[in-house]
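Before any comments, here is the structure.
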Amino acid sequence: VCAGMVAITAGLAIRPYTGSAVGFLAASALALMGIAVSNVLMPVIVKRWFPDRVGSMTGLYSMALALGTSAAAAVTVPVTDALGGGWQSGLAVWAGLAAAAVLPWIGLVRAPGADSRDGERTRAAHPAPRETDGLRITRSRTAWALAVFFGLQATAAYITMGWMAQIFRDAGVSAGTAGLLLAVTMVMGVPLAFVIPRLATRMPHQGPIVVALGVCGLAGYAGLYLAPAGGAWAWALLLGVSNCAFPLALTMVGMRARTGAGVAQLSAFAQSTGYLISIPGPLLVGVLYQHSGGWGLPIALMAALMIPQIAVGVLAGRDRTVED
């Protein structure tokens with residue numbers, strides 16, 4: 041995780057000043073690789089260091105992600121203006137925040153006996169670590185269900201973040217209000233990202249939460265289809281609630297394996313497969329909009345994808361592990 045944070049810091053610091061598109065993309069890729077490493081390992085850290093507080097710690101982590109995303113969207117332009125209006129400074133300033141996040145991880149890595157304490161904590165929580173020996177994650181139906189659920193919820197989130205403001209603008213909502221509506225959708229994740237994981241860990245089956253979030257998504261998409269401007273604030277709130285499937289997915293990663301090693305395999309598989317699944321979604325919505333000349337067909341696709349998301353989420357939420 042520390043190495044991932046260093047990569048993020050380096051990528052964010054370098055990319056505004058590379059002077060070429062290739063350099064900018066390479067530095068961005070470095071930062072994204074750091075994000076990928078950290079994202080995959082955070083559920084493992086939670087499982088190993090806080091085995092009895094998976095919901096609470098995953099909630100804190102998810103809430104921090106939601107808060108950081110919302111804050112970055114809200115203050116990047118004002119910060120850029122305050123620094124003189126140069127886009128390079130507006131991007132580079134975030135490297136400072138990433139560097140600050142590296143410091144506690146360096147302290148943890150250098151702490152005397154950190155590895156031994158980690159091992160003792162893991163053995164105490166999981167007295168039979170050999171259960172993961174020979175585990176083939178790709179043969180687990182639970183792992184596949186969780187990976188597809190992760191991918192479909194990421195698809196919905198990326199489509200919402202990428203296209204929702206434009207949908208409102210095309211419906212007659214002003215650009216400023218459309219931006220506020222998108223911000224509301226993102227801000228909804230801050231409190232719910234803490235509440236949902238805590239609730240999920242208290243339930244043997246997380247299916248009811250999956251269904252509730254999915255119904256909110258279906259209602260939000262139905263509203264966008266029927267009256268996008270008339271109930272804009274309600275649709276933004278509903279879609280914000282629906283997008284909280286992300287912290288739920290992270291929580292289930294920690295719950296669907298018995299050991300830290302199992303969580304590591306499941307996290308890597310579910311997130312890598314899930315993000316691959318999510319890649320075509322925003323592009324497909326754009327293509328459908330361009331060829332149909334309206335938002336009816338793209339919104340119908342968004343709503344249709346919510347059905348399999350609910351189905352695989354219910355399967356992933358069953359009280360079983362990938363070692364079973």
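Quick note: the sequence shown uses our numbering, first residue 41, plus one each step. Backbone N, C-alpha and C define an ideal beta-carbon position, used for all residues, glycine too.
Looking only at C-alpha atoms, which of Gly-314, Gly-263 and Pro-248 sits nearest to Leu-355?
-> Pro-248
Pairwise C-alpha distance: Arg-298 and Gln-370 | This structure cannot speak to residue 370, because the chain is shown only from 41 to 364.
Taking C-beta to C-beta, are Ala-240 and Gly-95 nearer than 9 Å?
-> yes
Which residues in the same chain have their Cβ closer than 7 Å to the Cβ of Leu-328, if we skip the five residues on either side of it in sequence?
-> Leu-337, Pro-338 and Leu-341
Selection from Gln-193, Val-362, Ala-76 and Arg-242 that minimises the alpha carbon distance to Pro-348 = Gln-193
Would you kindly work out how many angstroms separate the C-alpha atoms of Leu-107 and Thr-182, rounded to a whole number?
-> 30 Å
Could you check where the alpha helix (DSSP H) with Asn-283 kicks off and where it finishes?
-> It is not in any alpha helix (DSSP H) - Asn-283 carries neither H nor E in the DSSP assignment.
Starting from His-331, follow the alpha helix (DSSP H) in both directions and report where the run begins and ends.
-> 320 to 332
Selection from Val-46, Leu-278 and Pro-83 that minimises the alpha carbon distance to Ala-71 = Val-46
Might you give, ordered along the chain, the residues of its own chain that have their beta carbon closer than 6 Å to the beta carbon of Leu-131, omitting 5 neighbours on each side?
-> Pro-56
Where Val-352 falls, given that 16 or more other Cβ within 10 Å makes a residue buried = buried
List the endpoints of the continuous alpha helix (DSSP H) containing Met-226.
-> 215 to 227
Determine, using beta carbons only, whether Ala-343 and Leu-258 come nearer to each other than 9 Å.
-> yes
DSSP state of Asp-359, grouped into three classes?
-> coil
Count the CB pairs spanning the region 275 to 290 and the region 222 to 240 that are closer than 8 Å, and state whether there are at least three.
-> yes
CA nearest to the CA of Ile-54, picked from Gly-254, Trp-134 and Gly-125 | Trp-134
Ordered along the chain, which non-local residues of its own chain (more than five positions away) have a Cβ less than 8 Å from that of Val-362?
-> Leu-175, Ile-177, Ser-180, Thr-182, Ala-183, Arg-296, Ala-297, Gly-302, Gln-305 and Leu-306
Hey, how far is the Cα of Gly-314 from the Cα of Arg-150?
-> 34 Å
Give me the Cα-Cα distance between Met-103 and Gly-63, rounded to the nearest whole angstrom.
-> 32 Å
Reducing DSSP to helix, strand and coil, say where Pro-348 ends up.
-> helix
Below 7 Å CB to CB, which residues in the same chain sit around Arg-360 once its five sequence neighbours on both sides are set aside?
-> Thr-182
Pair within 9 Å by beta-carbon distance, Gly-263 and Leu-278 | yes
In the structure shown, what three-state DSSP assignment does Asp-364 receive?
-> coil
Fully enclosed by the region 62 to 147, which alpha helix (DSSP H) runs are 4 residues long or longer?
-> 94 to 122
Close Cβ partners of Ala-112 (< 8 Å) along its chain, the five nearest in sequence each way excluded | Trp-134
Contacting residues, own chain, Cβ-Cβ under 7 Å from Ile-207 (five flanking each side not counted) | Leu-264, Pro-268 and Trp-335
Buried or exposed: which applies to Val-84, given that a residue is buried once 16 or more other Cβ atoms fall within 10 Å of its Cβ?
-> buried
With a cut-off of 8 Å on the beta carbons, I'd call Ile-350 and Val-188 a contact; round off their distance for me.
-> Not really, about 11 Å apart at Cβ, beyond 8 Å.
Same chain, Cβ closer than 6 Å to Ser-129, five either side skipped, listed in chain order | Leu-123
Buried or exposed: which applies to Ala-276, given that a residue is buried once 16 or more other Cβ atoms fall within 10 Å of its Cβ?
-> buried
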